[in-house]
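Enquirer:
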Amino acid sequence: MPGQTLFIDGSKVAPGDKLCASKLYNPGKGCYVRGASVYACAVGTVKFTESKDGKGEASVTLEEGRQYASSLVLNVGDKVLAKVNRIQVNMANIEIVAAEGIGTLREHHSGIIRKEDIRVAATEEVNIYDSFRPGDIVWAKVISLGDSRKYILSTAENDLGVIRAVCASSGEIMAPISWKEMQCPKTGVKEPRKCAKPKE
Amino acid sequence: MPTANTVLSNCYTPLPAQEKGKQVKEKKQYINPTSRSSGVEKNHRNAKSIRHVCIDRHVLSNSTGSSLVELGHTKILCSVHGPRPFNSAQTNDASVTSGVLSCQVRFAQKFGQHSEIENMTHAKNLDGYSSSFSNISSQKREVELSSRLHDAIAPSLPLELLMKNVVEVFVMILQDDGSILPASVVAASLALADAGVEVYDLVSAFSVAVIPRSLCVETKDDEDNAGVTTFDNGQYSLLADPTSTEILSAEGVVTMGMMKNWKEVVFWYQTGSIPPNIVSEAGELCKEGCTAMHNFMRQSLTSFPDISN
Numbered sequence: 001m002p003g004q005t006l007f008i009d010g011s012k013v014a015p016g017d018k019l020c021a022s023k024l025y026n027p028g029k030g031c032y033v034r035g036a037s038v039y040a041c042a043v044g045t046v047k048f049t050e051s052k053d054g055k056g057e058a059s060v061t062l063e064e065g066r067q068y069a070s071s072l073v074l075n076v077g078d079k080v081l082a083k084v085n086r087i088q089v090n091m092a093n094i095e096i097v098a099a100e101g102i103g104t105l106r107e108h109h110s111g112i113i114r115k116e117d118i119r120v121a122a123t124e125e126v127n128i129y130d131s132f133r134p135g136d137i138v139w140a141k142v143i144s145l146g147d148s149r150k151y152i153l154s155t156a157e158n159d160l161g162v163i164r165a166v167c168a169s170s171g172e173i174m175a176p177i178s179w180k181e182m183q184c185p186k187t188g189v190k191e192p193r194k195c196a197k198p199k200e
Numbered sequence: 001m002p003t004a005n006t007v008l009s010n011c012y013t014p015l016p017a018q019e020k021g022k023q024v025k026e027k028k029q030y031i032n033p034t035s036r037s038s039g040v041e042k043n044h045r046n047a048k049s050i051r052h053v054c055i056d057r058h059v060l061s062n063s064t065g066s067s068l069v070e071l072g073h074t075k076i077l078c079s080v081h082g083p084r085p086f087n088s089a090q091t092n093d094a095s096v097t098s099g100v101l102s103c104q105v106r107f108a109q110k111f112g113q114h115s116e117i118e119n120m121t122h123a124k125n126l127d128g129y130s131s132s133f134s135n136i137s138s139q140k141r142e143v144e145l146s147s148r149l150h151d152a153i154a155p156s157l158p159l160e161l162l163m164k165n166v167v168e169v170f171v172m173i174l175q176d177d178g179s180i181l182p183a184s185v186v187a188a189s190l191a192l193a194d195a196g197v198e199v200y201d202l203v204s205a206f207s208v209a210v211i212p213r214s215l216c217v218e219t220k221d222d223e224d225n226a227g228v229t230t231f232d233n234g235q236y237s238l239l240a241d242p243t244s245t246e247i248l249s250a251e252g253v254v255t256m257g258m259m260k261n262w263k264e265v266v267f268w269y270q271t272g273s274i275p276p277n278i279v280s281e282a283g284e285l286c287k288e289g290c291t292a293m294h295n296f297m298r299q300s301l302t303s304f305p306d307i308s309n
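Here the protein sequences line up with chains B and P, keeping their order. For the first sequence, counting from 1, position 124 maps to 124 in full-length UniProt numbering; every step adds exactly one. For the second sequence, counting from 1, position 96 maps to 96 in full-length UniProt numbering; every step adds exactly one.
1. Counting only Cβ-Cβ distances shorter than 9 Å, please list the residues of the segment 189 to 214 of chain P near chain B, keeping chain order.
2. Under the rule that 16 or more other beta-carbon atoms within 10 Å means buried, what is A168 of chain B, buried or exposed?
3. Should the segment 201 to 221 of chain P be called in touch with the segment 277 to 290 of chain P, which here means at least 3 C-beta pairs below 8 Å?
4. Strictly below 9 Å CB to CB, what residues from chain P border V73 of chain B?
5. V13 of chain B by DSSP, collapsed to three states: which one?
6. Within 10 angstroms of the Cβ of H114 of chain P, are there 16 or more other Cβ atoms? Answer buried if so, exposed if not.
7. Roughly how far, in whole angstroms, is the beta-carbon of G44 of chain B from the beta-carbon of L62 of chain B, given that I think they are within contact range, below 8 Å?
8. In the DSSP output, what is L68 of chain P paired with across the bridge?
9. On the criterion of 16 or more Cβ atoms from any shown chain inside 10 Å, does V217 of chain P qualify as buried, or is it exposed?
10. So, E100 of chain B versus K79 of chain B, is the Cβ gap smaller than 8 Å?
11. Can you tell which of P:L60, P:P33, P:N261 has the C-alpha that lies nearest to the C-alpha of S49 of chain P?
12. Assign T291 of chain P to one of three DSSP states: helix, strand, or coil.
13. Along chain B, in chain order, which residues have C-beta atoms closer than 8 Å to that of F86 of chain P?
14. From G10 of chain B to V38 of chain B, what does the alpha carbon distance come to, in whole angstroms?
15. If we ignore side chains and look at the alpha-carbon of each, how far apart do S82 of chain B and H73 of chain P end up?
16. According to DSSP, is P212 of chain P helix, strand or coil?
17. Check for me: the beta strand (DSSP E) holding Q139 of chain P runs from which residue to which?
18. Just to confirm the assignment, what range does the alpha helix (DSSP H) spanning residue 319 of chain P have?
19. Quick one: measure Cβ to Cβ for M163 of chain P and D201 of chain P, integer angstroms, because I've assumed they're closer than 8 Å.
20. Is any heavy atom of the ligand ATP found at a distance shorter than 7 Å from the C-beta of A69 of chain B?
21. Select from the segment 252 to 277 of chain P all residues with a C-beta closer than 8 Å to any C-beta belonging to chain B, and list them in chain order.
22. Look up V279 of chain P in the DSSP assignment and say whether it is helix, strand or coil.
23. Alpha carbon to alpha carbon, how far is N75 of chain B from L60 of chain P?
24. Please list the partners that V46 of chain B has in chain P, where partner means a Cβ-to-Cβ separation under 7 Å.
25. Using only alpha-carbon positions, find the residue among B:I163, B:C184, B:K180 that is nearest to residue 280 of chain B.
26. Which parts of the segment 47 to 100 of chain B are runs of the alpha helix (DSSP H), unbroken and 4 residues or longer, counting only runs that do not cross its ends?
27. In chain B, what lies closer than 8 Å to T302 of chain P by C-beta?
28. Looking at the unbroken alpha helix (DSSP H) that takes in A165 of chain B, where does it start and where does it end?
29. With DSSP as the reference, please indicate the residues paired to A140 of chain B in a beta bridge.
30. Between R51 of chain P and chain B, is any beta-carbon pair separated by less than 8 Å?
31. Does S70 of chain B have its Cβ less than 8 Å from a Cβ in chain P?
32. For S154 of chain B, collect the residues of the same chain with a Cβ closer than 6 Å to its Cβ; drop the 5 residues on either side in sequence, then sort them by chain order.
33. Spell out whether any CB of chain A is found under 8 Å from the CB atom of L145 of chain B.
34. Checking contacts by CB at 8 Å: is V171 of chain P closer than that to chain B?
35. Leaving out five residues on either side along the sequence, give the residues of the same chain with a beta carbon under 6 Å from the beta carbon of T64 of chain P.
The following block contains the structure:
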């Protein structure tokens, strides 16, 4: 809708700039609604996308090489890549290094996987030592933001679990042979793990 | 538009060297409101004009966002880190439902303050309190400034978007020649925007000093100032963007922070005893100053190169 916006498509905006009326456009990334107008909340180039049902969307694209601060924040349900640091009797302490949709995190967040969140069934019989070892790389899902220090993660899904583990005796990277075991290609030693279903 | 005759220019000018062993003058200095020093010797400014402003952003490569703000000899460097997880020291005010803004102001060691000015400001406290805290240390000023900066910046941040994360703002005062609080607020707001942190609006801030008439000397013969009318309120005159010498002679200082697009005042800090009608006039002058500062900030933020695609 030409003439309906205060900035032309592709112009540079600063936080707080009034972009358009909120009845004509929905706020997209980098925009917010206050009163009857859509405002920018970041520095970048503004983009107005029209849609067929009449109400378009206004969004702000950041400069090259910048990321929205809020996009680096983990939410419940996010799939993350983490490294096991330490195992205890009832939980594993892990360090989140990357997340799906975000990429590598600038700084590592700490989290825990509780014993009852490791496998889908048989939560009573699960043994931490038979599921993870320090140094393993796992796919996990954020199930709670936990307390102020740690995220609470879960691997209770088929495609979640250990994806990379090193054999204790040979130092080789092991391959999964079943849902609960991994084998060293060199020595043939089998070690118990909560394996992630390999991707085809 | 305010009568500010400022241009964006780099203005690195060193202060004159201090003689060692020189006696510290406690005497209040006379101020000439129609011809004030502007940081650059040849240019003089009137009571309502700002010093030379220099604003730059993304000056530090290791921080997420950074900015450099200069008002005459006042030089502020600000860097923003984050969002990052809490460290153990910050877990006290940590919360799961919202993020945390942490502000730290530091004076550059040995360079931050003029030794003479330092002694005098310590005797009079921050921005012209005449009070009993005679020996307020540089550290206490840092704590005070950090908390003021937090108060000024916090309303512009939607912290609920940054759950379990902290955004850290570090302000380094490279040189202090008055108006460090407004300059720090401007620098912090710019650096946050530069870092890609969502902010509702830019916070611009400005200081006005209230000088007793008895300390003012007027020069009427100056041709440049022939048409200039100073704020004449009988007993007081108002000076925009005061330097530290002007703050020392001032009866009080008013600092205001504004979110200009929202037309809202987010921060008001006033020291000294000033009559109410003078305060409201100082507020008006602050508002004009904030608008001018906001224009500079916006100009600096929107002057990035075009994305090629």
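Positions of the beta carbon are idealized from the N, C-alpha and C atoms, including for glycine.
Expert: Checking against the coordinates, here is how it stands:
1. S189, L192, A193, D194, A195, G196, V197, E198, V199, Y200, D201, L202
2. exposed
3. yes
4. P83, G99, L161, L162, M163, K164, N165
5. Three-state result, V13 of chain B: strand.
6. Unreliable placement is indicated for H114 of chain P, whose pLDDT of 49 sits below 50; the coordinate value is still reported in the next sentence. Per the 10 Å Cβ criterion, buried.
7. Rounded to the nearest angstrom, the Cβ distance from G44 of chain B to L62 of chain B is 4 Å, consistent with a contact under 8 Å.
8. P:D56, P:L77
9. exposed
10. yes
11. P:P33
12. For T291 of chain P, the secondary structure class from DSSP, reduced to helix, strand or coil, is helix.
13. S148, R149
14. 16 Å
15. The sequence as given places Ala at residue 82 of chain B; Ser does not occur at that position. Approximately 49 Å between the Cα atoms of the pair.
16. strand
17. Counting along the chain, Q139 of chain P falls outside any beta strand (DSSP E), though it belongs to the alpha helix (DSSP H) covering 138 to 153.
18. What is shown of chain P runs 1 to 309, which leaves residue 319 of chain P out entirely.
19. Not confirmed; about 22 Å, so no contact.
20. Ligands in the displayed structure: none, and consequently the ligand ATP is not present.
21. Residues of the segment 252 to 277 of chain P that bring their beta carbon within less than 8 Å of a beta carbon in chain B comprise M259, K260, N261, W262, in sequence order.
22. V279 of chain P: helix per DSSP, three-state reduction.
23. 30 Å
24. Going along chain P, no residue has its Cβ under 7 Å from V46 of chain B, so there is no contact; the nearest lies around 11 Å.
25. Shown here, chain B extends from 1 to 200; a query on residue 280 of chain B therefore has no answer.
26. none
27. Simply K12, V13, A14, V43.
28. Premise fails: A165 of chain B is in no alpha helix (DSSP H) and is neither H nor E.
29. B:V80
30. For R51 of chain P, the answer is no, since every Cβ of chain B falls outside 8 Å of its Cβ.
31. yes
32. D117, K141, I143.
33. No chain A is part of this structure, whose protein chains are labelled B and P.
34. no
35. V80, H81, A195
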